[in-house]
Structure formats: structure tokens, C-alpha cells
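Heads up: the structure comes next, in C-alpha cells.
Numbering (our numbering), first residue to last: 546 to 982.
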């Protein structure tokens, strides 16, 4: 049989096979039993939903939030006034002369004292204590907000890993289905005498690589979903949950200077450093107030020898040696320390924005290269070679080489999209906001 005759036989056979499929498909579809619809469908969550779940269920974040409540309880303690002091005593009881013990003796010979005292704080200590506690609560609140920022970035990064795994799995399954058609066509060509047995074996062996890619992609997605569930909380989603979304290119049209200004306004760690300076100054004011000595005042009622009398007592420590000098000096050094930390935090914010912007810009250039033609060119090259191979106009090696190039190009493009989305999340983390212009 000549080569042209064999090709014609292959084409006629394929045409008949396709017609048979169109005829049989409806019957086969009707014959397949429907899946059990009573089984619960997997929960599909978006990135925004995942972030909300993580902020609600992450145990480390919940533990950090309790520090705010602890500081608020300390505010209550700081605002408490001193308790009054009640004192009493009895004197001149005839313990070893019980015969003299009578009401007349108690009224005319024994002495009874009852007193109440109160500590008057000077220097507005209570107000300074309360303000210092409130300032520390404000610092803690911004620190917890920074924990939320870090958690959001880590979760978004893991969410992108799941999207990449899903995209890779979809592509691997699509590639496997396409290559199976190639194997079927090659088998027909072999039977028609238009292909050698060696080439057919090479095609079948190549199928193993596609099947392995699908298995690896499935495992990667399972692992990525497990890692994401740790952020969401195992109790917040069902075992068969899935994500809703896809790798996407979202261009950012904002300048570096605007991003820096935005970060300096919104970054919670920088706000915590700024509030730390305020809290340190409150501690200095409290230390100075503690240097003022308080006054103890008390009133005492006395009953002695039938006479009732009262007395007032006042005492105050003389601030000759201890005027709280050490604590005042320490708090002043602490102010300098927090100011330096604020400057360091400000520089770190600007550095983070610069690095994130550079990473986003670099990944954007890579995306533009792929979208500028490389993705389409690789697909067209594969399609042309596949078309020619199926009709005997291209060699097996040319087809396999085009297939490998296309697969490598597609996987690299998906990885580039994931890297770009990760860089975008890094920029959101660096600026401290998810709303970028």
C-alpha cells in the first residue's frame, strides 16, 4: 500500500470514528447513571472569604487579641483610687484581774480607739496612670493589626499556591486528554501501516509522562489546600472544600512615591512605633508624678476614762533623697529608644515598598513577554506540528519536541502569573492596605 493510500485510509477511518461518536454519544450519555446528588458539594471560598475566615478563626491571632483585653483591664486597675484604711484598738483591759472587769471599768478605765485614714495622691498620679495604660492599649491594638496584616499576606500567598496547583492540574488533565487522542490516532496509523511499531511505542511511553504530571498536580493541590486550611481553621471549612478563583493579571497603575506615602499613612507596625513614642512620654509623666510625695490623712475617735475625743493625723514623706530620679531618667532614655525605633520602622516601611514595587515591576515585564506572543506562538507551533504529524507530514520527534516546548511554556506562564499575584500581595502587605489605586 502506498503512503498516500494509507493516509487516505487513516482519514476515512477517523471520519467514520467521529461519526460513530456523534451517533452513539447521546445513547451512551442516557445510559450513564446520574451521580448521587444527595452528597454535599464541596464548599468553594474566594480569597476575600478566606481572609475573613482566617481573621475569625486563626488561634494565634485570637491569642494576640486577648492582649488588648488584658490592657483594657489594666486601664481599670490604673484608674482605681486608694482604699481608705480602717483601724481600731482597745487598751487597758484587766486580763489578769478578772474581778475588776465590769461595765463601769470599761467606761471609766479602758480606752477605745477607732480611726479611718485615706491616702491623698498628689501630682495627678491616677490620671497619669490611666493615660499611660490607655497609650499602651493603643500600641497593643496596632500591634495586633500588624499581626492581621502578616496573617493576610501569608494566607493570600497560600491561596495563590492553591490556584497555581489547580491551574497546573487543569492544564495537565487537558494535555493528557489531548495526548490520548494522539495515541489513538497513532494506533490507527500503525494498523494502517503508516507508522512503525517503534514510533508507536515511543508515543505510548510518552503518555506515562502526562499521567505522571496529572498525579503530581493532584498531590500538589491536596497539599496546598491542607496548608491553606491551617490558616482558615480546620473547623471552619469541610474536608472537601475548594477555592473559587483563578490566576489573573491585574495591572497596577500607581507610582512609587504614592505607594510610599500610602504606606507611611497606613502601615500598622509604623503606627505602633509612633504610638510607642507617645506611650513612652506618658511613662515619663507618670514617673515625674510618682516623684511627688503623697499625704496620709486620718481621723481617730478615742474613748478614755469616760471622755470621748477625736484627733486628726497627717503625715507625708519628705523627698530629700528619693525623688524617683532613677525612674524619671530611665523613662527619658526610653523615649529616645522609641524615637529611634520609630525612625527604623519608617525606613523599613520604605524599604518594603521599594522591594515589593521592584518585584511587581519585574514580574509584570515577564508577564508582558508571555502575553506579547510567546504563549500564542508556543500553542500555534504545537498545533501546527500536531496537525502535520497526524497527517503524516511531520516526524514523531518534531511533534514530541513541540509538545514539550508547549508544555514547558504553559507551566512557566502559570508560574509567572502566580509570581505576579504573589508580588501584588507583597505590595499590599508593604503598603498596609488591600485597596491599591
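Glycine included, every Cβ here is placed at the ideal spot set by N, Cα and C.
>> So, for residue 879: in the same chain, excluding its five sequence neighbours on each side, which residues have a beta-carbon less than 7 Å away from its beta-carbon?
In response: Numbered from its first residue, the chain shown carries residue 879 at position 334. 825, 828.
>> Can you give me the C-alpha to C-alpha distance between residue 557 and residue 729, rounded to a whole angstrom?
In response: Translated into positions along the chain shown, residue 557 becomes position 12. Translated into positions along the chain shown, residue 729 becomes position 184. Its pLDDT being 35, under 50, residue 557 is placed unreliably by the model, and the measurement read from it follows with that caveat. Their backbone Cα atoms lie some 15 Å apart in a straight line.
> Going by Cα to Cα distance, which pick from 920, 797, 924 is closest to residue 965?
Replying inline: The residue labelled residue 965 in the question sits at position 420 within the chain shown. With distances taken between Cα atoms, residue 965 lies closest to 797.
> So residue 662 is in the beta strand (DSSP E); what residue range does that whole segment cover?
Replying inline: Counting from 1 along the chain shown, the entry for residue 662 is found at position 117. Run containing residue 662: 656-665, per the beta strand (DSSP E) assignment.
> residue 663 and residue 639 look like a contact to me (Cβ under 8 Å); what is the Cβ gap, rounded to whole Å?
Replying inline: As a position in the chain shown, residue 663 is number 118, starting the count at 1. As a position in the chain shown, residue 639 is number 94, starting the count at 1. Actually they are not in contact, since the Cβ atoms of residue 663 and residue 639 sit about 35 Å apart, beyond 8 Å.
> Relative to the C-alpha of residue 635, which residue among 643, 618, 655 is closest?
Replying inline: Residue mapping note: residue 635 aligns to position 90 of the chain shown, counting from 1. Ranking 643, 618, 655 by Cα distance to residue 635 puts 655 first.
>> Given a cut-off of 8 Å on the beta-carbon distance, is the pair residue 845 and residue 858 in contact?
In response: Residue numbering aside, residue 845 sits at position 300 when the chain shown is read from its first letter. Residue numbering aside, residue 858 sits at position 313 when the chain shown is read from its first letter. Contact check for residue 845 against residue 858 passes: the beta carbons are separated by less than 8 Å.
>> My output table needs one value for residue 785: the three-state DSSP class, helix, strand or coil.
In response: Counted from its first residue, the chain shown places residue 785 at position 240. Residue state, collapsed to three classes: coil.
>> Taking the alpha-carbon of residue 709 as reference, which of 770, 739, 650 has the nearest alpha-carbon?
In response: As a working note, residue 709 is residue 164 in the chain shown. Ranking 770, 739, 650 by Cα distance to residue 709 puts 770 first.
> Apart from the five residues just before and just after residue 686, which ones in its own chain have a Cβ nearer than 6 Å to its Cβ?
Replying inline: For the purposes of this step, residue 686 is taken as residue 141 along the chain shown, with counting starting at 1. Closer than 6 Å at Cβ, skipping near neighbours: 613.
> Does the beta-carbon of residue 955 have 16 or more other beta-carbons within 10 angstroms, so that it is buried, or is it exposed?
Replying inline: For the purposes of this step, residue 955 is identified with residue 410 of the chain shown, where counting begins at 1. The residue is buried, with at least 16 neighbouring Cβ atoms inside 10 Å.
> Taking buried to mean at least 16 other C-beta atoms within 10 Å of its own C-beta, is residue 813 buried or exposed?
Replying inline: Here residue 813 refers to the residue found at position 268 of the chain shown. Buried: at least 16 other Cβ atoms inside 10 Å.
>> Give me the residue from 622, 823, 739, 773 with the minimum Cα distance to residue 783.
In response: Along the chain shown, one-based indexing puts residue 783 at 238. The shortest C-alpha separation from residue 783 is found at 773.
>> So, for residue 693: in the same chain, excluding its five sequence neighbours on each side, which residues have a beta-carbon less than 7 Å away from its beta-carbon?
In response: Position 148 of the chain shown, counted from the start, is the residue given in the question as residue 693. Hits under 7 Å: 600, 606.
>> Less than 8 Å between the beta carbons of residue 681 and residue 624, yes or no?
In response: The sequence position of residue 681 within the chain shown is 136, counting from 1. The sequence position of residue 624 within the chain shown is 79, counting from 1. No, these two residues do not count as a Cβ contact at 8 Å.
> Just to confirm, are residue 595 and residue 714 a CB contact at a threshold of 8 Å?
Replying inline: Here residue 595 is taken as the residue at index 50 of the chain shown, counted from 1. Here residue 714 is taken as the residue at index 169 of the chain shown, counted from 1. Not a contact, by the Cβ cut-off of 8 Å.
> Assuming residue 881 and residue 832 make a contact with CB atoms under 8 Å, what is their CB distance in whole Å?
Replying inline: Sequence index remark: in the chain shown, residue 881 carries index 336 (1-based). Sequence index remark: in the chain shown, residue 832 carries index 287 (1-based). That belief does not hold up - the Cβ atoms of residue 881 and residue 832 are roughly 15 Å apart, past 8 Å.
> Helix, strand or coil: which one does DSSP assign to residue 795?
Replying inline: As a position in the chain shown, residue 795 is number 250, starting the count at 1. DSSP places residue 795 in coil when its eight states are reduced to three.
>> Please classify residue 683 as buried or exposed, where buried requires at least 16 neighbouring CB atoms within 10 angstroms.
In response: Along the chain shown, read from residue 1 onward, the residue named residue 683 stands at position 138. Buried, since its Cβ has 16 or more Cβ neighbours within 10 Å.
> With C-beta atoms as the reference, is residue 724 less than 8 Å away from residue 704?
Replying inline: In the chain shown, the residue the question calls residue 724 occupies position 179. In the chain shown, the residue the question calls residue 704 occupies position 159. Residue 704 sits away from residue 724, with the two beta carbons spaced by 8 Å or more.
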